[in-house]
Amino acid sequence: MFGNALVFFDDPLSRFFVFTILLISLPSAVYSIGYLKGEYSRKKIFIAWILLVVFIISMLLAVTVRNAFVFLIFWEIMSLVSYFLVVFDTEHEKSISAGTIYIAMAHIGTAFIIAALMLLYCYAHTFDLLAIKDACQTMPAPIKNIIFLLLLFGFGTKAGIVPLHIWLPLAHPQAPSHISSIMSAVMLKTAIYGFLRFIIFILGVDALWWGELVLVLASVSCLTGIIYALVEGDLKKLLAYSSVENIGIILLGVGAGILFQKMGLGILAVFALSAGLYHLINHAIFKGLLFLCAGSVYKATGTRNMEKLGGLIKLMPWTAATFLMGAMAISALPPLNGFISEWLTFQALFLGAGNSGGAVKIFLSICAGILAFTSGLAAACFVKAFGITFLGLPRSKKAASAREVSLSMKAPAVFMSMLALAFGLCAAFIIRWLTMVSGFVLGINTSRISFSLNNFNLAPYPVNGVNLSSPLLALILVSIIGLIFAFLYLGLGKKRIVIGKTWGCGYYNLDSRTEYTATAFSKPFRIAFSFFLLPYRKTEKIRDSLYQVKHFKYEVFTTSIFKRYIYDPLLHSIFKIAHSLRKLQTGSIHLYIAYIFITILLLIILKGF
Amino acid sequence: MAVLGVIAQTIILIIFAPLLSGFIRKIKNNIRMRKGAPVLQPYYNFFKLLFKDEVISENSSWIFGLSPFIVLASSITALLLMPVINGIVSLNQMGDILVLISLLALGRFFLALAGMDVASAFGGMGSSREMFISSLVEPVMLVAVFAVSLNCGSTSMAVISSASIFKLSTLVAVLALLMVTVSETSRIPVDNQETHLELTMIHEAMLLEYSGRSLALIELSAHIKQLIFYSLLANILLPLNSVYFNTGLFGIFIALGLYLIKVFLIGLFIAIIEVSMAKMRLFRAVDFIGFSFALSILAVVLQTAGF
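Protein chains in written order, with our numbering: chain F, 7 to 615; chain R, 3 to 309.
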């Protein structure tokens, strides 16, 4: 049974994930040198490094190992180590409660995965995943459907798809920033690995509704994630919610791939899955980058609350520039990498809609509309994140006295922002590699399929006159900027620039208190989505005397409808059941002896029959 | 040769873009029984601003200085993608209609950042509202474009503009796009270009701190953006026939003339809408955009049904 416990996959899928994990983990590890220094004691820094190394290794092994049982062991180590990292700041009360919710949700997810793997074992009588794959071909459809649902729920919890996302915005921001970066950028992706490896590769797509279900969940995750991110005032929490959104975008590609494969559109399935994988690696890059920058801001100012930040672009120019790069990439602006993968996802949905009819066509169009809505909201969200944090005037003394972080923290951020640019410009090369990976997952020969026209142009297949050349786009953008600059400064000469005060309707002593705040920025969204966010406010007048109000305190909150309508009732009923079971356990020894007696009696009677 | 054609077309359109704004303003004034500024007023403004000194807020950073360049460059790049005279195809290799939408988003992103850069409450308010409206408009535009593209099987601008397919779904999509155009070019009833009260502004509030050359660049890019939207409508609603290209220079002139007539007709229509309606308050605009979203979904449904 365990004869081949430590046999590894050496196929395109595992290699892709190993590459992604290393690409993000190594810069994050370098970043932690500067980040941990001064923040923690020597002993804690030592522990942090050991946990980090174990965390990275457990992820690497989880995405490569070929034995289902050993996979579970590494999966569990990954969850546990990341739990210790979430509660690393033990002095914060929030860390403990966030960690508890995280570990509970992680184990509920793992329980479902265990159930699915046990069902698979019942059919294959082996834990070797390749043997299970062969056994799956003769598996009856209802069992397949059950295993699919179990895996979807199990890995979905880890990926943070709505409504199983509840732990993600609590746990990710609470860890030290290099860990938040690895968790959001890479650890969530191991769940996507689970989707690809177990559902598509091993189980094989069996029904049309699988793809449709994944697409619905993906669309809901996209919208929910970004709406919560928009109204969030905590910089790292905002990024964590945006991870929920991006997992949704990745799953749009994956779900479309599943759907198209079942519809018999093999090439389109490869295209859609490649788009999903492209967004996967892109999200790893820019979310890793953004979390590192948020960590630098936290290290320099001691706060993650955006209402206390501002004006950092002058004090921390490198962090600001790299954060801007990440913000542009995540808002899908050309020619950066996020734009390329969203374009590919749109094209996949479009071609899918073009090749189908009836309800599926309308469904895919609505998915594309939701993706567009999401990317519009993401742009608003990151205008807010960058604008409030880095632009304007500092909103607190700490922010005003911030200093740029050390080289070991700047360098990884610069490296990753260059990656965001490179993955945008070299799209044609990358899509070739990803085509191979997704072809392998779907079991489709891709040697004749190419989604690029030459070394620079992306083009969907079959060619319908659509293509995208990001290097050309970047070249034209830069040269037009150059031309305008040349026209103004060489053609017309330099003009005098007068430094003045900001316009305040004639009032000239504006300070940071008259600036627009993060809460104010998201107000229109809070009102427009009030049916979903259920916002409420608390106002309090702090008086000197009856006639004079000294301070006015104003706080805005939103209610999580998932917590209110799903988790709270669920918890409530669990507690209620537990409470009523307590009546059995009264502490009376006589009663317990009676229980034992009744049990033995029952067993004897049962045996007698 | 093709590249030269694209460059020539783009330069002509950049020069032409402010005229359209002047024309709309003139029409509006004439309908209101006013004399109004000359049609060439946008050009006078542009050159006046170009030769003026600039006042910059002490709070601003390099984002503020860089934004006008990025805003103008992104709208000119988007203009390169727009086929106007069919045959002198736009830079089709560079991208499709989705790229065009993203390029406009790039400009908007930087303009919104510039609004927040000067630590002014008006700027922040403008940025917030602009991003609010534009994020609502984004799905409408995409789904409407989706419906049109499904009719011709491609999202390529050249294919969309040269396809002579005319269906009911296209008409409904164009109606949705018209509403998108109104809100994206900051026209009544969503926004008001002429307002002088900071609190009622959306787009203009972001630009409050700009002066001189930077303002000239941003205004020019607003004219270009408007022209892009009108051209999109003109191309989808009444595609040109490639016959004109085959007849050489004469054909190009006919095509150009037809294009101008179409764009001015759309401008006339927008002007009439502007004078006959009042600006909605911000949260009424949500209903307006919601209605256009319903139209775009209807367009996809009609397309699926074969209309």
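Backbone N, C-alpha and C define an ideal beta-carbon position, used for all residues, glycine too.
{"Check": "Burial state of F/Q353 (16 or more Cβ within 10 Å)", "Outcome": "buried"}
{"Check": "Residue burial classification, R/H198 (beta-carbon count within 10 angstroms, cutoff 16)", "Outcome": "exposed"}
{"Check": "Secondary structure of F/D95, DSSP reduced to three states", "Outcome": "coil"}
{"Check": "Outcome for F/C142 when other beta-carbon atoms lying within 10 angstroms are tallied against a minimum of 16", "Outcome": "buried"}
{"Check": "DSSP three-state assignment for F/T605, whether helix, strand or coil", "Outcome": "helix"}
{"Check": "DSSP beta-bridge partners of F/H557", "Outcome": "F/I548"}
{"Check": "At least 3 beta-carbon pairs within less than 8 Å: the stretch 307-318 of chain F vs the stretch 348-364 of chain F", "Outcome": "no"}
{"Check": "Exposed unless 16 or more other CB atoms sit within 10 angstroms - verdict on R/N61", "Outcome": "buried"}
{"Check": "Cβ pair count under 8 Å reaching 3, the stretch 117-124 of chain R against the stretch 193-211 of chain R", "Outcome": "yes"}
{"Check": "Uninterrupted beta strand (DSSP E) stretches inside the stretch 41-106 of chain F (no shorter than 3 residues)", "Outcome": "none"}
{"Check": "CB contact check: F/S20 to chain R, cutoff 8 Å", "Outcome": "no"}
{"Check": "Residue-level contact to chain F via CB, R/S244, 8 Å cutoff", "Outcome": "Below a pLDDT of 50, predicted positions are generally treated as unreliable, and R/S244, at 48, falls in that range; the measurement from the model is reported next regardless. No, R/S244 lies away from the interface with chain F (no Cβ there is under 8 Å from its Cβ)."}
{"Check": "Rounded distance between the beta-carbons of R/T172 and R/I238, thought under 8 Å", "Outcome": "7 Å"}
{"Check": "Proximity to F/I172 [Cα-Cα], best of F/H578, F/I102, F/I567", "Outcome": "F/I567"}
{"Check": "Buried/exposed call for F/R549, threshold 16 Cβ in 10 Å", "Outcome": "exposed"}
{"Check": "Chain F contacts made by the stretch 28-41 of chain R, where a contact means CB separation under 9 Å", "Outcome": "none"}
{"Check": "Own chain, CB closer than 8 Å to R/V245, minus 5 neighbours either side, in chain order", "Outcome": "Since pLDDT at R/V245 reaches only 47, below the 50 mark, its modelled position is unreliable, and no value is offered."}
{"Check": "Cutoff 8 Å: F/Y522 Cβ touching any chain R Cβ", "Outcome": "yes"}
{"Check": "6 Å CB neighbourhood of F/Y304 in its chain, flanking five on each side removed", "Outcome": "R310"}
{"Check": "Range of the contiguous beta strand (DSSP E) that encloses R/S59", "Outcome": "56-59"}
{"Check": "Residue range of the unbroken alpha helix (DSSP H) whose run includes F/G363", "Outcome": "Counting along the chain, F/G363 falls outside any alpha helix (DSSP H), and DSSP gives it neither H nor E."}
{"Check": "Closest residue to F/S458 among F/I346, F/L540, F/L221 (Cα-Cα distance)", "Outcome": "F/I346"}
{"Check": "R/R110 - DSSP class collapsed to helix/strand/coil", "Outcome": "helix"}
{"Check": "Beta-carbon separation (whole angstroms), F/L355 vs F/L342, contact threshold 8 Å", "Outcome": "Not really, about 21 Å apart at Cβ, beyond 8 Å."}
{"Check": "Reference R/S63; option with closest CA among F/L339, F/G593, F/I505, F/L607", "Outcome": "F/I505"}
{"Check": "Pair within 8 Å by beta-carbon distance, R/L115 and R/I65", "Outcome": "yes"}
{"Check": "Reduced DSSP category for R/S216 - H, G, I as helix; E, B as strand; rest coil", "Outcome": "helix"}
{"Check": "Residue nearest to F/F207 in terms of C-alpha spacing, selected from F/P182, F/H578, F/W215, F/I138", "Outcome": "F/I138"}
{"Check": "Pick from F/A246, F/R588, F/I264, F/M415 that is closest to F/T328, judged by C-alpha positions", "Outcome": "F/M415"}
{"Check": "Beta-bridge pairing of F/F563 - partner residues as DSSP gives them", "Outcome": "F/Y542"}
{"Check": "For R/S244, the three-state DSSP class (helix, strand or coil)", "Outcome": "The pLDDT assigned to R/S244 is 48, lower than 50, so where the model puts this residue is not dependable, and the model offers no usable value."}
{"Check": "Chain-ordered chain F contacts of R/N237 [CB-CB under 7 Å]", "Outcome": "Near R/N237 there are no residues of chain F at all, since even the closest Cβ is about 15 Å away, more than 7 Å."}
{"Check": "Test: R/T306 CB closer than 8 Å to a CB of chain F", "Outcome": "yes"}
{"Check": "Nearest-angstrom Cβ-Cβ length linking R/V145 and R/G109, presumed shorter than 8 Å", "Outcome": "Their Cβ separation, rounded to whole angstroms, is 22 Å, which puts R/V145 and R/G109 out of contact at 8 Å."}
{"Check": "Proximity test, Cβ basis, 8 Å: F/V504 and chain A", "Outcome": "Protein chains in the displayed structure are F and R, and chain A is not among them."}
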